[in-house]
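For the sequence shown, the numbering used here gives the first residue as 276, with consecutive numbering after it. The C-beta atom is built at its ideal place from N, Cα and C for all residues, glycine as well. Because the structure is a prediction, the values reported are computed rather than measured. Step one of this worksheet: look at the structure below.
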Amino acid sequence: MAVESKKMGGLQRKSRVEETIPTASMADIAFLLLIFFMVTTVMRKETPLKIAWPEAQALRKTEFRRKNILHVWVNHDDPATAGINEEGWVYVDDVAYNLMDGSKTNMLVEKLRQEYTERKGKLLIAFRADKNTPYNKIDRVLEALKAANTVQVMFATTLEQEALDLSR
């Protein structure tokens, strides 16, 4: 602290004292505060969300006779339709239906309704699709199944061993 004095007419007058803040130990204080808050802060472990994931159930034998199962499948890269359009074809018991053609889609719906009435409501649709099939194509087939009022649709899969044999 410095004190200045001025002479004015024979009287000495003291001027104000300059106040300074000591900053030499400021870094030490900040470091100690940082350590204090790090030590006193409670670190909580993240608790995982409890989600009930669906589990696969064992395959059960269907109660339907083989003649009451209608096979519908969609193939992503059918060589017969390659390059024609992206949507491709749907096969219902070896009969091809083009999803892009509105009349063929209506024919598909009528075929499904006819099969359902012929089998007196005991019709099970076994739906198969290639794993690379785009979902919009699957959705169009499901919409046709819904329009035909088919109640029981089974999404058929290949067994793991069959898939391994096919990949070799």
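Could you pull the DSSP bridge partners for residue i from this structure?
i: asparagine 373; result: Trp364
i: leucine 345; result: Ile400
i: glutamine 389; result: In the DSSP output, where bridge partners are listed per residue, glutamine 389 has none listed.
Can you give me the start and stop residues for the alpha helix (DSSP H) that residue i sits inside?
i: leucine 398; result: Unbroken run through leucine 398: none, as it is neither H nor E.
i: methionine 313; result: 301-315
Shortest alpha-carbon distance to residue i belongs to which of the options?
i: leucine 345; options: Ile296, Gly396, Ser300; result: Gly396
i: threonine 392; options: Ala423, Thr298, Val317; result: Ala423
i: tyrosine 410; options: Gln287, Val317, Thr295, Val349; result: Val349
i: lysine 342; options: Pro323, Asp368, Pro297; result: Asp368
Beta-carbon within less than 8 Å of residue i's beta-carbon, same chain only, minus the 5 sequence neighbours each way: which residues are those?
i: tyrosine 372; result: Trp364, Val365, Tyr366, Lys379, Thr380, Met382, Leu383, Lys386
i: leucine 420; result: Val347, Leu387, Ile400, Phe402, Val428
i: valine 370; result: Lys386
Residue i: buried (16+ other C-beta within 10 angstroms of its C-beta) or exposed?
i: lysine 406; result: exposed
i: phenylalanine 311; result: exposed
i: leucine 307; result: exposed
i: leucine 398; result: buried
i: lysine 412; result: buried
i: proline 354; result: Because proline 354 carries a pLDDT of 49, less than 50, the predicted location of this residue cannot be relied on, and the following value inherits that uncertainty. With fewer than 16 Cβ atoms within 10 Å of its Cβ, proline 354 is classed as exposed.
i: threonine 322; result: exposed
i: threonine 316; result: exposed
i: leucine 425; result: This sequence places threonine at residue 425; leucine is not what is there. It is buried - the Cβ of threonine 425 has at least 16 other Cβ atoms within 10 Å.
Excluding the 5 residues flanking residue i on each side, which residues of the same chain have their C-beta closer than 7 Å to its C-beta?
i: valine 314; result: none
i: glutamate 390; result: Leu345, Leu398
Enumerate in chain order the residues of its own chain whose CB-to-CB distance from residue i is below 6 Å, with the five nearest sequence positions on each side excluded.
i: arginine 319; result: none
i: alanine 357; result: Note that alanine 357 scores a pLDDT of 44, beneath 50, so its modelled location is shaky; the value from the coordinates is reported in the next line. So the list is empty, once near-sequence residues are dropped.
i: arginine 394; result: Asn343
i: alanine 404; result: Val349, Ile413
Would you mind reading off the limits of the beta strand (DSSP E) that contains residue i?
i: valine 416; result: Element bounds for valine 416: not the beta strand (DSSP E) but the alpha helix (DSSP H), 410-422.
i: valine 428; result: 428-430
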